[in-house]
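As structure tokens, the structure follows; a few thoughts come after it.
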Amino acid sequence: MTGGGDGNGENAIEVRGLHKAFGALEVLRGIDFSVARGEVVCVIGPSGSGKSTLLRCVNLLEEPTAGRITVAGTEVTDPEVDIDRVRRRIGMVFQSFNLFPHLTALENLTIAQRRVLRRDRPTAARIARDQLARVGLGDKEAAYPAQLSGGQQQRVAIARALAMDPELMLFDEPTSALDPELVGDVLAVMRALARDGMTMLVVTHEMGFAREVADRVVFMDGGLVVEEGTPGQVVGAPRHERTRAFLSRVLDPTAAEVDGTDGTDAADGTDGTGPTTGQRT
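In terms of full-length UniProt numbering, the sequence shown opens at residue 1 and continues consecutively.
Quick look at the structure:
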């Protein structure tokens, strides 16, 4: 898959010849992929297609079997690279919120700022409050995760990532663990980020969000990019039969009921909470 820049500094993410295998199972089978600065790219596809693995390879939560990945001009697959320094420039939001249960919302946002970025306590607290307000939770800074709804916890997780001043954001099915009525507030925050020009790579099953917000939509299946293009082309008028079959199940649930499948990727086999090695998504 190509697009989103020409590789001369315009791209936030460059992936070339990416392969990833877990033992004998090859999950990614040769991906060429790029995301331009300020671009929003949504990745869709069935469970097991490799979407989450692709996302995890971008910041080396999964180590590629072969290929080259460049993020913000730094080749992260270079054995000599300081990957921790690169990761400071990348925000990532998982399906699970991964908040510290014994810390308040404000403290969840300040701890990494102070320990990783070495910000002083007042500066970290000011930035944390700004980001909580940005996601509509300015009045929840003293709340503990157990006192928040799932949607509020996910918005805190997004604010936590933003407090680190990332150059780009990776979202791995950020709404799949939420009750349907809680999804809207999280998507509203992501829409606002897109309007603000944040570079975003989003694995999602929210077709409405992909249609409305994405600059490009990528359909993956079997570890390959099957089709990519504008939302109007991929979601509205897909060219590939496999894309059409997937979307028919996602957009018409009654079709899925007939064959006993749902055609979606609500969990994609991972939740971002445990060890990544061995996950096949």
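Glycine included, every Cβ here is placed at the ideal spot set by N, Cα and C.
Taking residue 76 as part of the alpha helix (DSSP H), name the residues at either end of that continuous run.
No alpha helix (DSSP H) contains residue 76, which DSSP labels as neither H nor E.
Distance between residue 148 and residue 63 (C-alpha atoms, nearest Å):
Those two C-alpha atoms are separated by around 34 Å.
Own chain partners of residue 124 with C-beta closer than 7 Å, once the 5 adjacent residues on each side are dropped:
Close CB contacts of residue 124 within its chain, under the 7 Å cut and outside five residues either way in sequence, are with 110, 113 and 114 (chain order).
Going residue by residue through the stretch 45 to 73, where are the continuous alpha helix (DSSP H) segments of at least 4 residues, counting only ones entirely within it?
Entirely contained in the stretch 45 to 73, the alpha helix (DSSP H) runs reaching 4 residues are, in chain order, 51 to 58.
Assuming residue 190 is part of the alpha helix (DSSP H), what are its boundary residues?
183 to 195 is the span of the alpha helix (DSSP H), which, as asked, contains residue 190.
Buried or exposed: residue 157, going by 16 or more other Cβ atoms within 10 Å of its Cβ?
Residue 157 is buried by the Cβ-count criterion.
In the DSSP assignment, what are the bridge partners of residue 229?
Per DSSP, 217.
Check this for me: beta carbons of residue 44 and residue 58, under 8 Å apart or not?
No; because the gap between Cβ atoms is not below 8 Å, this pair is not in contact.
Spell out the partners DSSP gives residue 202 in its beta bridges.
Residue pairing from DSSP places residue 202 in a beta bridge opposite 42 and 171.
Please report how far the alpha carbon of residue 252 lies from the alpha carbon of residue 245, in whole angstroms.
So the two alpha carbons sit approximately 11 Å from each other.
Are at least three pairs of beta-carbons, each pair with one atom in the stretch 65 to 81 and one in the stretch 186 to 193, less than 8 Å apart?
Cβ pair count under 8 Å is below three, so no.
Taking the runs of the alpha helix (DSSP H) that are 4 residues or longer, which of them lie wholly in the stretch 84 to 167?
Fully enclosed alpha helix (DSSP H) runs of 4 or longer: 105 to 115, 121 to 134 and 150 to 162.
Could you round the C-beta distance between residue 223 and residue 27 to whole angstroms and report it? I think they count as a contact, below 8 Å.
Contact flag correct, Cβ pair sits at about 5 Å.
Beta-carbon proximity of residue 92 to residue 162, cut-off 8 Å:
No, these two residues do not count as a Cβ contact at 8 Å.
Based on the DSSP output, what are the partners of residue 26 in its beta bridges?
Bridge partners of residue 26: 21.
Quick one: any contact between the stretch 101 to 108 and the stretch 77 to 84, if contact means 3 or more CB pairs under 8 Å?
Between the stretch 101 to 108 and the stretch 77 to 84 there are fewer than three C-beta pairs closer than 8 Å, too few to call the two in contact.
Distance check for residue 229 and residue 211, CA to CA, integer angstroms please.
The straight-line gap from Cα to Cα measures roughly 11 Å.
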